[in-house]
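Novice: Numbering (my numbering), first residue to last: 164 to 587. Where is the CB? At the ideal position from N, CA and C, for every residue including glycine.
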Ligand code: UDP
């Protein structure tokens, strides 16, 4: 069988007063008819990136709501993950497609994983493209299968999307972060729209005092008396760390004391990561005020939290972004947040109100300069951003949406919860 991830225990009760009022009651009502239902989440990695981040909270809370939930990881070698990375890039618009051999590798690993999987569940939730074709091997499944796409599908490479479409069409439902991401294709199952969420009580997002944050970043060599800009992201061209360095250089002209931290973990399913890490290091050109850190420097969740809390501004200068959990993470800490006007970032930041949306390194530099020049005004924005995150992007809301979908799939009432959907 595919290995199970141990997600530990979380208690919904702990979230009662931090989430918006009424949500807990909705969750309670939605959970009742689902008591004991068996759910499995399938994904490619338990480590690194947004999907893992979400599942570590969503799954224990689903369990606490009374469902019998597991998270299993599909297995693959580098040859598979090289193909899935190409697929990931192509679905976000990269013109490079798949060779016939790569298509075969993809299908072969999906078949192997399917052979290691037993579909004896009420609900199967498949995350992202890597395991999407396992469903082809369960034509008579009694389970409801839902495919959750976490990336930006607004301008897909159609050759690659159409290669996956026969599998996607077997699902009972598909979920996208935004309406704009639903590909204009026939044969899609019914599509639902809801964004992901962050866990306000996880070590990454729990309240950390400014003193503790300063104490932690100091250990990485940051001068805590001088302003710091931070981007937390995998080393990936879409996250544009080189553009962040350009922006930092623009800020440095005006604020010579500024420092930059690029904090990026290496996901196991991301073989490109190391190349791009090396490119980023070369681009920083030994600037002693640029700190390039990864999980190999022991930057775990609490350290990411500390870097975000300690920063004068948090940057997320993505060029493409499915959602960008890091944006909600920064806003939740009431940090001035400067981010690319792309993908899911635009639903998290209202430009000029709760943060800054930028389209170039120059604009990014200008926004950071504004935040450094007038920290009081920057804080006013950030506090508004935090309340927007509370309303929309905390895990209890995500749990509610899943429970509403499961009920709907069983033909139950959805306790008045309306899910945004796009007809099949
Ligand atoms: N992250 C982390 N350490 C790092 C880099 C990223 O813990 O060095 C986390 C980050 O805080 C966020 C997630 O990984 O929770 C990345 O999710 P996001 O949606 O921003 O981007 P993705 O990697 O899914 O494209």
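Given the structure, does residue 488 come close to the ligand UDP, in the sense that its CB is under 8 angstroms from one of the ligand's heavy atoms?
Specialist: Under cutoff, so the answer is yes.
Novice: Rounded C-beta distance between residue 535 and residue 468? I'm assuming under 8 angstroms.
Specialist: With a Cβ gap of about 22 angstroms, residue 535 and residue 468 do not count as contacting.
Novice: For residue 306, collect the residues of the same chain with a Cβ closer than 7 angstroms to its Cβ; drop the 5 residues on either side in sequence, then sort them by chain order.
Specialist: Cβ within range, chain order: 282, 284, 285, 286 and 287.
Novice: Assign residue 306 to one of three DSSP states: helix, strand, or coil.
Specialist: Looking at residue 306 - three-state DSSP - the assignment turns out to be coil, as it is neither helix nor strand.
Novice: Is the beta carbon of residue 400 less than 9 angstroms from the beta carbon of residue 446?
Specialist: Against a cut-off of 9 angstroms, the Cβ pair of residue 446 and residue 400 comes out as no contact.
Novice: Identify whether residue 312 lies in helix, strand or coil by the three-state DSSP scheme.
Specialist: Reduced to three states, the DSSP call for residue 312 is coil.
Novice: So residue 500 is in the beta strand (DSSP E); what residue range does that whole segment cover?
Specialist: Run containing residue 500: 500 to 503, per the beta strand (DSSP E) assignment.
Novice: Are the CB atoms of residue 506 and residue 480 within a distance shorter than 9 angstroms?
Specialist: For residue 480 and residue 506, no; Cβs fall outside 9 angstroms.
Novice: With contact counted as at least three CB pairs below 8 angstroms, one residue from each stretch, are the region 252 to 260 and the region 307 to 327 in contact?
Specialist: Result yes; three or more Cβ-Cβ pairs closer than 8 angstroms.
Novice: Alpha carbons only, please: which of 449, 412 and 233 is nearest the one belonging to residue 525?
Specialist: Per the Cα distances, 412.
Novice: Got a sec, what are the start and stop residues for the beta strand (DSSP E) residue 205 sits in?
Specialist: 201 to 206 is the span of the beta strand (DSSP E), which, as asked, contains residue 205.
Novice: At a threshold of 8 angstroms, does residue 399 count as lining the ligand UDP (C-beta to nearest heavy atom)?
Specialist: Yes, the beta carbon of residue 399 sits closer than 8 angstroms to at least one heavy atom of the ligand UDP.
Novice: I'd like to know whether the C-beta atoms of residue 269 and residue 235 end up nearer to each other than 9 angstroms.
Specialist: No, Cβ-Cβ distance for residue 269 and residue 235 is not below 9 angstroms.
Novice: Can you tell which of 419, 451, 455 and 330 has its C-alpha closest to the C-alpha of residue 444?
Specialist: The candidate whose alpha carbon is nearest that of residue 444 is 455.
Novice: Just to confirm before moving on: does the CB-CB distance between residue 429 and residue 464 stay below 9 angstroms?
Specialist: It is not a contact, given that the beta carbons lie outside the stated cut-off.
Novice: For residue 393 versus residue 471, is the C-beta spacing smaller than 9 angstroms?
Specialist: Contact flag set, yes.
Novice: Considering only residues of the region 436 to 494, which uninterrupted beta strand (DSSP E) runs meet the minimum length of 3 residues and lie entirely inside it, listed in chain order?
Specialist: Fully enclosed beta strand (DSSP E) runs of 3 or longer: 453 to 456 and 476 to 479.
Novice: Look at residue 167 and residue 219 and say whether their C-beta atoms are less than 9 angstroms apart.
Specialist: Contact flag unset, no.
Novice: State yes or no: is the C-beta of residue 444 nearer than 8 angstroms to some heavy atom of the ligand UDP?
Specialist: For the ligand UDP, not one heavy atom lies less than 8 angstroms from the Cβ of residue 444.
Novice: With the cut-off set at 9 angstroms, would you say residue 265 and residue 249 are in Cβ contact?
Specialist: A contact, by the Cβ cut-off of 9 angstroms.
Novice: How is the alpha helix (DSSP H) around residue 357 delimited, first residue to last?
Specialist: Premise fails: residue 357 is in no alpha helix (DSSP H) and is neither H nor E.
Novice: Below 8 angstroms, is the gap between the Cβ of residue 170 and the nearest heavy atom of the ligand UDP?
Specialist: False, no ligand heavy atom lies under 8 angstroms from that Cβ.
Novice: Measuring only the C-alpha atoms, how far is residue 278 from residue 529?
Specialist: Approximately 54 angstroms between the Cα atoms of the pair.
Novice: Give the range of the alpha helix (DSSP H) segment to which residue 330 is assigned.
Specialist: Its alpha helix (DSSP H) spans residues 321 to 331.
Novice: I want to check one thing, is the minimum distance from the CB of residue 366 to the heavy atoms of the ligand UDP below 8 angstroms?
Specialist: No; taking the cut-off as 8 angstroms, the Cβ of residue 366 has no heavy atom of the ligand UDP nearer than that.
Novice: Check whether the region 497 to 504 touches the region 537 to 553, taking contact to mean three or more Cβ pairs, one atom from each stretch, closer than 8 angstroms.
Specialist: Contact holds: three or more Cβ-Cβ distances are below 8 angstroms.
Novice: Please report how far the alpha carbon of residue 180 lies from the alpha carbon of residue 191, in whole angstroms.
Specialist: Their backbone Cα atoms lie some 15 angstroms apart in a straight line.
Novice: The alpha helix (DSSP H) that contains residue 220, what's its start and end?
Specialist: It spans 213 to 227 - the alpha helix (DSSP H) in which residue 220 sits, taken as one unbroken run.
Novice: Between residue 395 and residue 477, is the Cβ-Cβ spacing less than 9 angstroms?
Specialist: Yes, these two residues count as a Cβ contact at 9 angstroms.
Novice: Going by DSSP, name the residue or residues bridged to residue 192.
Specialist: Answer is none; residue 192 lacks a bridge partner.
Novice: Measuring only from the beta carbon, is residue 458 closer than 8 angstroms to any heavy atom that is part of the ligand UDP?
Specialist: Checking the Cβ of residue 458 against the ligand UDP gives yes.
Novice: Can residue 453 be considered in contact with the ligand UDP, in the sense that its beta carbon sits closer than 8 angstroms to one or more heavy atoms?
Specialist: No.
Novice: The ligand UDP and residue 204: does the residue's C-beta get closer than 8 angstroms to at least one heavy atom of that ligand?
Specialist: Residue 204: no, Cβ never under 8 angstroms from the ligand UDP.
Novice: Whole beta strand (DSSP E) runs in the region 518 to 546 with 3 or more residues, listed along the chain?
Specialist: If we require 3 residues or more, the beta strand (DSSP E) runs fully inside the region 518 to 546 come out as 519 to 521.
Novice: Beta carbon of residue 174, beta carbon of residue 241: below 9 angstroms?
Specialist: Result no, Cβ atoms of residue 174 and residue 241 do not sit closer than 9 angstroms.
Novice: So is the beta-carbon of residue 415 under 8 angstroms away from any non-hydrogen atom of the ligand UDP?
Specialist: Residue 415: no, Cβ never under 8 angstroms from the ligand UDP.
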